[in-house]
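So the structure is just underneath, and the comments pick up after that.
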DNA sequence: TTATCCCGCCAGATC
DNA sequence: GATCTGGCGGGATAA
């Protein structure tokens, strides 16, 4: 069993060389996912069993350490619906197909929260004030014990992971750095220690999401700092789907659009979602400021739109797009445009899987181009 | 030097 | 009381 799971070569070739990468949460998550996926949908995953099997993959780790990490992983996977808890030690594997539904739900929830706060708080400082009073109101009438439980729940990795997903889907931003996400999720709390803790947790979440191929880490074009971008989700996100990226833009807001266009019904659920809404609002304002300085930046949305309207897809294009009959001259011009875009925006994926996938697309594109050129040549000869 | 994140302590939850 | 669960932050490693 362990033979088929991915382990870093260095560890097996020379167990005396310790590498942090061998123990990464992302790697452990990948192995865990392989383990679960093989069982098939609706199967039950026992944590003991999983910890034992994954423990075998790592020369350096004790099973208890792996087990602790598995708790982190299952919490995060639960946040996007891949797993659901059945009983103590027992989780149900829902499969990757459950992700889109979970993400849709989170998106709706996030937009709902956003509209709620927007309708009652007219600027950022008011939003913060609303948030504080809401939290206070909710605190009143509760026992110290239940407040403590709420506080614990609010800080759980699962809630944090869900809020992280909402950040991508309910705000205008495409690229989110972890410290920005942390400060957004913290709201008006400016404690450096809390910020550090939140960022640490976000690193864990991001690693698992990268393993799931839900997000990818790239370098910010502005400052070269690492930022994360939502890739896509489909039936099997681990197979990756750059073509499906931004597939659900219809419900996303465009840059600079107002957020207050949804029903002004006050909605209260829990303090974490209110904090989330305020955070999103804050993130939007920050983004608007940022945009004033960088109007020349081409958004991913624009690229996408251009891709669907102006370009003819090859055999690897999205199946949903109609094949249009465009003249050879236009076609060549468009190919040229594609090449310009590709050279200009050639992505440097940190995510190995995304990188490989991109390489595959480039390879496919090149072979198709050669094929098309030959075809054109033949037509000219006739 | 800064970013990243492994590790395991320990407290609360559950059995 | 035992075991499970998971928040948390120190500090090591990678970049």
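Numbering (full-length UniProt numbering), first residue to last: 1 to 382. Even for Gly, the Cβ is constructed at its ideal location relative to N, Cα and C.
Asked                                                                                                                                                                          : Found
Inspect the beta-carbon positions of residue 47 and residue 31 and report whether they are closer than 8 Å.                                                                    : no
For the structure I just gave you, are there three or more beta carbon pairs, one from the segment 68-80 and one from the segment 196-212, closer than 8 Å?                    : yes
Less than 8 Å separating the beta-carbons of residue 80 and residue 165?                                                                                                       : yes
When DSSP labels each residue in this structure, what does residue 221 get in the three-state scheme?                                                                          : coil
Classify residue 189 as buried or exposed, calling it buried when 16 or more other Cβ atoms lie within 10 Å of its own Cβ.                                                     : exposed
Quick check on this structure: which residue in 98, 69 and 87 has the alpha carbon closest to the alpha carbon of residue 37?                                                  : 98
Among 221, 167 and 24, which residue has its Cα nearest to the Cα of residue 111?                                                                                              : 167
Put residue 198 into one of helix, strand or coil per three-state DSSP.                                                                                                        : helix
Does the Cβ-Cβ distance between residue 205 and residue 161 come in under 8 Å?                                                                                                 : yes
If residue 91 and residue 83 are in contact, beta carbons under 8 Å, what's the gap, nearest whole angstrom?                                                                   : 5 Å
If we call anything under 8 Å between Cβ atoms a contact, is residue 177 one with residue 220?                                                                                 : yes
Identify which residue in 158, 225, 213 and 69 has its Cα closest to the Cα of residue 180.                                                                                    : 225
Under the rule that 16 or more other beta-carbon atoms within 10 Å means buried, what is residue 44, buried or exposed?                                                        : exposed
Going straight from the alpha carbon of residue 218 to that of residue 379, what length do you get?                                                                            : 43 Å
When you compare only the Cα positions, how much space is there between residue 192 and residue 227?                                                                           : 20 Å
Taking 8 Å as the limit between beta carbons, can you name the residues of its chain near residue 26, skipping five residues before and five after?                            : 207, 208, 210 and 211
If the criterion is Cβ atoms closer than 8 Å, does the pair residue 202 and residue 195 meet it?                                                                               : no
Leaving out the 5 sequence neighbours to the left and right, which residues in its chain are closer than 6 Å to residue 230 when beta-carbon positions are compared?           : 168 and 215
Could you tell me the distance, in whole angstroms, from the CA atom of residue 22 to the CA atom of residue 64?                                                               : 16 Å
Thinking C-alpha only, which one of 107, 24 and 100 is nearest residue 68?                                                                                                     : 24
Using CA coordinates, which residue listed in 102, 175 and 200 is at the minimum distance from residue 222?                                                                    : 175
For the candidate residues 52, 101, 20 and 155, whose alpha-carbon lies nearest to that of residue 89?                                                                         : 52
Give the DSSP-derived three-state secondary structure of residue 227 in the structure shown.                                                                                   : strand
Measure the alpha-carbon distance for residue 154 versus residue 163 and round it to whole angstroms.                                                                          : 10 Å
List the whole-angstrom C-beta distance separating residue 33 from residue 66, where the pair is believed to meet the contact cut-off of C-beta under 8 Å.                     : Going by Cβ atoms, the distance from residue 33 to residue 66 rounds to 14 Å, so no, they are not a contact pair.
Opposite residue 83 in the DSSP bridges: which residues?                                                                                                                       : 93
Can you give me the C-alpha to C-alpha distance between residue 61 and residue 376, rounded to a whole angstrom?                                                               : Here the model assigns residue 61 a pLDDT of 46, short of 50, so the residue's position is not dependable and the matter cannot be decided.
Using the Cβ count rule (16 or more neighbours within 10 Å means buried), how would you classify residue 101?                                                                  : exposed
According to DSSP, simplified to helix, strand and coil, what is residue 212?                                                                                                  : coil
How is residue 43 classed by DSSP in three states: helix, strand or coil?                                                                                                      : strand
Excluding the 5 residues preceding and the 5 following residue 50 in the sequence, name in chain order all residues of the same chain whose CB lies nearer than 7 Å to its CB. : 32, 35 and 70
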